[in-house]
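A.B. asks:
In the working numbering, the protein residues as written are 7 to 604.
1. What distance in whole Å lies between the Cβ atoms of residue 114 and residue 128, which are believed to be in contact at a cut-off of 8 Å?
2. Hey, quick one: how far does the alpha helix (DSSP H) through residue 344 stretch, first residue to last?
3. Mind checking who residue 297 pairs with in its DSSP beta bridge?
4. First and last residue of the beta strand (DSSP E) that includes residue 353?
5. Quick one: residues in its chain with C-beta nearer than 7 Å to the C-beta of residue 587, no 5 flanking neighbours on either side, listed in chain order?
6. Start and end of the beta strand (DSSP E) containing residue 5?
7. Report yes if the CB atom of residue 384 is closer than 8 Å to the CB atom of residue 422, and no otherwise.
8. Entirely within the segment 449 to 475 and at least 4 residues each: give me those alpha helix (DSSP H) ranges in chain order.
9. Entirely within the segment 556 to 589 and at least 3 residues each: give me those beta strand (DSSP E) ranges in chain order.
10. Span of the alpha helix (DSSP H) holding residue 96?
11. Might you give, ordered along the chain, the residues of its own chain that have their beta carbon closer than 6 Å to the beta carbon of residue 388, omitting 5 neighbours on each side?
12. Taking the beta strand (DSSP E) that residue 122 belongs to, which residues open and close that run?
13. With distances taken between CB atoms, is the gap from residue 92 to residue 121 smaller than 8 Å?
14. Indicate the three-state DSSP secondary structure (helix, strand or coil) for residue 396 in the structure shown.
15. Assign residue 29 to one of two classes, buried (16 or more other C-beta atoms within 10 Å of its C-beta) or exposed (fewer than that).
16. Quick check on DSSP: helix, strand or coil for residue 49?
17. Identify, in the order they occur along the chain, each residue of the same chain with its Cβ nearer than 8 Å to the Cβ of residue 143, setting aside the five sequence neighbours on each side.
18. Apply the 10 Å Cβ neighbour rule to residue 445 and answer buried if 16 or more other Cβ atoms are within range, or exposed otherwise.
19. With 16 other CB atoms within 10 Å as the buried threshold, where does residue 245 fall?
20. Please classify residue 86: is it buried, with 16 or more other beta-carbons within 10 angstroms of its beta-carbon, or exposed?
21. Give the secondary structure of residue 134 by DSSP, where H, G and I count as helix, E and B as strand, and everything else as coil.
22. Got a sec, what are the start and stop residues for the beta strand (DSSP E) residue 20 sits in?
23. Suppose only complete runs of 4+ residues qualify. What are the alpha helix (DSSP H) ranges in the segment 227 to 280, listed by chain order?
24. What's the call for residue 436, buried or exposed, on a 16-neighbour Cβ count within 10 Å?
25. Can you list, in chain order, the residues of its chain with a C-beta nearer than 6 Å to that of residue 257? Leave out the 5 residues immediately preceding and following it.
26. Work out the CA separation of residue 109 and residue 22 for me, nearest whole Å.
27. For residue 370, which residues from the same chain have a beta carbon less than 7 Å from its beta carbon, with the 5 sequence-adjacent residues on both sides left out?
28. Would residue 131 be called buried (16 or more neighbouring beta carbons within 10 Å of its own) or exposed?
29. Tell me whether residue 55 sits in a helix, a strand or coil according to DSSP, three-state version.
30. Using three-state DSSP, classify residue 426 as helix, strand or coil.
31. To which residues of the same chain is residue 228 closer than 6 Å at the C-beta, ignoring the five residues directly before and after it?
32. Assuming residue 90 and residue 133 form a contact by the criterion Cβ under 8 Å, report the distance between their Cβ atoms to the nearest whole angstrom.
33. Go ahead and pull the three-state DSSP assignment for residue 88.
34. Could you check which residue in 268, 361 and 176 has the C-alpha nearest to that of residue 262?
35. Please report the distance separating the alpha-carbon of residue 592 from that of residue 555.
36. Counting contacts by CB-CB distance shorter than 8 Å, is residue 310 in contact with chain C?
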């Protein structure tokens, strides 16, 4: 903490083997700095990421930052230059190709500081390395009280008491506990795994068991000593599992970034009829599975434990089957959440789906790798709104393009949906020509299917392209056709969207009265059956129209309501639009100073 607090380093890399306690130390340093300096500190877990190209968007998501149509790195650098926090980037070792990104971010923001955990240094200019060593052990000849105060022993006692409430460090076991911690090289993860077993084994029995494991590291004879120690600790914990626990332990490794009980029950169900809930609880008691500590009940594995579990899944010949189950389950989760992102519970579902981002990526990657184009198309098509909401435009476009290429013979309805989604992301990304091509192809497929719902969505999107090009006559024709289909289908959301779009055309043409009438209609429909995001957009559009008629007070109320919604949704781009509209209202009222400040 002193190195960062004094300003001697802007990039501090905590290095050491897995299980040494790098994450624990980084978290504590960030806590101290955040409380002492009243600055923001953000923790970014990269342990489940394998694509260096996704590092920038993962950091942006941790900051609740929307790129707003700009390249993610550009938006991120701009944000960090104005609000430089302490960023904790955990588990960077598998993403070293992204190290230059960190250098660019530091150059763009002179006050930004990065605290990185990695098994190896990043080799960046200005990098300070802090090798993390094992926990301190008692000195030779220390008495019981001195031993109790040693960090390695204190961790063992704390974890042992969590597993067995009446466990006490006493004269008859202190020597065994100290010897056990020493045998485990004072590695925090190894100590935690051992301590979790005091329910059934005494410290002396644990010492004997771990001692035998440490004498027989044949499978990892050429590995570094601490790696062999940790491997032995996990081996010993695994050997004490019963068959049901071993099966579930291996199968849980298929999840990336954590899982819910429902996910585990669906994906990891056993032909032997094992009940997942008690077995999962038993694995948690043994510290092989940990509570993710979120507001919803969610579980995860430390990355080094997950790698070990995955070895056993592969050895059991179950990897492909479990990955297929995993992909099918998360395709279903994405499809369940998709319509909810177009409804009043948008923010709740966005948060829920966001937790599964790494699982969605893993499922999509497996579907593409295994030639299951249809599952890939289901996933990518259903995730379009989530990508749009978080401005993950490049990732979404790449996924949709890959899924469409992998499933040329997929049902036409699936291709029409994916093509429309691709067009939406391309338009938001500034690729108007690419968006138009995707929309036109989607419209052609929808017409062949005689699918009014798909036609309605694509017509509205083509109207947006025409509006962007200021071809207002074509835009109005497309919106009007979309409005007729929305009325036919009883779609309040789409009716509200089209009414707002038509209002914006009238406003652009100077027809203020017609614009207000359309925007009032849009707001009423959005409140009845739209998303919070759409309500906020309709509020801004109406405010922009009525300010021209001089209704400054009401316009300000509408903007303030919109601002409250988009701040709750963490949409920086929409916040900026609200402030821009508020500045226009202030200028119209003659308050130049307020307009300039906004």
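Cβ atoms here follow ideal geometry from the backbone N, Cα and C, with glycine treated the same way.
C.D. replies: Let me lay it out:
1. Reading the chain shown from its first residue, position 122 is the one you call residue 128. Reading the chain shown from its first residue, position 108 is the one you call residue 114. That pair is no contact at about 17 Å.
2. Sequence index remark: in the chain shown, residue 344 carries index 338 (1-based). Here the alpha helix (DSSP H) through residue 344 covers 325 to 346.
3. As a first step, residue 297 must be located in the chain shown, where it is residue number 291. Residue 297 is bridged by DSSP to 305.
4. For the purposes of this step, residue 353 is taken as the residue at position 347 of the chain shown. Run containing residue 353: none in the beta strand (DSSP E); it sits in the alpha helix (DSSP H), 352 to 360.
5. Counted from its first residue, the chain shown places residue 587 at position 581. The residues 546, 549, 550 and 565, in chain order, have a CB closer than 7 Å to that of residue 587 in the same chain once the five nearest residues on each side in sequence are set aside.
6. Outside the modelled stretch of the chain, which goes from 7 to 604, sits residue 5, for which no answer is possible.
7. Counting from one through the chain shown, the residue named residue 384 turns up at place 378. Counting from one through the chain shown, the residue named residue 422 turns up at place 416. In terms of Cβ geometry, residue 384 and residue 422 do not form a close pair [threshold 8 Å].
8. List check, alpha helix (DSSP H) in window: 458 to 474.
9. The segment 556 to 589 contains no whole beta strand (DSSP E) run of 3 or more residues.
10. Numbered from its first residue, the chain shown carries residue 96 at position 90. Per DSSP, residue 96 lies in no alpha helix (DSSP H) segment; the continuous beta strand (DSSP E) that holds it begins and ends at 92 to 96.
11. The residue you call residue 388 lines up with position 382 of the chain shown. The beta carbon of residue 388 is closer than 6 Å to those of 340, 341 and 344 in its chain, skipping five residues each way along the sequence.
12. On the chain shown, residue 122 is found 116 positions in, with the first residue counted as 1. Counting along the chain, the beta strand (DSSP E) containing residue 122 begins and ends at 119 to 124.
13. Mapped onto the chain shown, residue 92 falls at position 86. Mapped onto the chain shown, residue 121 falls at position 115. At the C-beta level, residue 92 and residue 121 come within 8 Å of one another.
14. Walking along the chain shown from the start, residue 396 turns up at place 390. Of the three classes helix, strand and coil, the one that applies to residue 396 here is coil, per DSSP.
15. Here residue 29 refers to the residue found at position 23 when the chain shown is read from its first residue. The Cβ neighbour count for residue 29, taken over all protein chains shown within 10 Å, is at least 16; the residue is labelled buried.
16. Numbered from 1 along the chain shown, position 43 holds the residue referred to as residue 49. Looking at residue 49 - three-state DSSP - the assignment turns out to be strand.
17. Here residue 143 refers to the residue found at position 137 when the chain shown is read from its first residue. 156, 158, 159, 184, 187, 188 and 192, listed in sequence order.
18. The residue labelled residue 445 in the question sits at position 439 within the chain shown. Burial call: buried.
19. The residue you call residue 245 lines up with position 239 of the chain shown. Classification of residue 245: exposed, given that the 10 Å Cβ count is below 16.
20. Your numbering for residue 86 matches position 80 in the chain shown. Buried: at least 16 other Cβ atoms inside 10 Å.
21. Position 128 of the chain shown, counted from the start, is the residue given in the question as residue 134. If DSSP states are grouped into helix, strand and coil, residue 134 belongs with the strands.
22. Looking up residue 20 in the chain shown gives position 14. Residue 20: member of the beta strand (DSSP E) spanning 17 to 21, first to last residue.
23. Within the segment 227 to 280, the complete alpha helix (DSSP H) runs of at least 4 residues are 231 to 245, 249 to 258 and 267 to 273.
24. For the purposes of this step, residue 436 is taken as the residue at position 430 of the chain shown. Counting the other Cβ atoms within 10 Å of the Cβ of residue 436 gives fewer than 16, which makes it exposed.
25. Residue 257 sits at position 251 when you count from the first residue of the chain shown. Non-local C-beta neighbours of residue 257 in its own chain, meaning closer than 6 Å and more than five positions away in sequence, comprise 274 and 328, ordered along the chain.
26. Here residue 22 refers to the residue found at position 16 when the chain shown is read from its first residue. Here residue 109 refers to the residue found at position 103 when the chain shown is read from its first residue. Each residue's alpha carbon lies about 22 Å from the other.
27. As a working mapping, residue 370 is identified with position 364 in the chain shown. Closer than 7 Å at Cβ, skipping near neighbours: 382, 385, 386 and 405.
28. As a first step, residue 131 is located in the chain shown; it is residue number 125 there, counting from the start. Residue 131 comes out exposed.
29. Within the chain shown, numbered from 1, the residue matching residue 55 stands at position 49. The answer is coil: DSSP assigns residue 55 none of H, G, I, E or B.
30. In the chain shown, residue 426 corresponds to position 420, counting from 1. If DSSP states are grouped into helix, strand and coil, residue 426 belongs with the helices.
31. Reading the chain shown from its first residue, position 222 is the one you call residue 228. Note that residue 228 scores a pLDDT of 48, beneath 50, so its modelled location is shaky and nothing firm can be said.
32. Here the question's residue 90 lines up with position 84 in the chain shown. Here the question's residue 133 lines up with position 127 in the chain shown. Not confirmed; about 18 Å, so no contact.
33. Position 82 of the chain shown, counted from the first residue, corresponds to residue 88. Secondary structure at residue 88: helix, using DSSP grouped into helix, strand and coil.
34. Here residue 262 refers to the residue found at position 256 of the chain shown. Of the candidates 268, 361 and 176, 361 places its Cα closest to the Cα of residue 262.
35. In the chain shown, residue 592 corresponds to position 586, counting from 1. In the chain shown, residue 555 corresponds to position 549, counting from 1. Taking the straight line from one Cα to the other gives about 14 Å.
36. The chain labelled as chain C is not found in the depicted structure, where only one protein chain is given.
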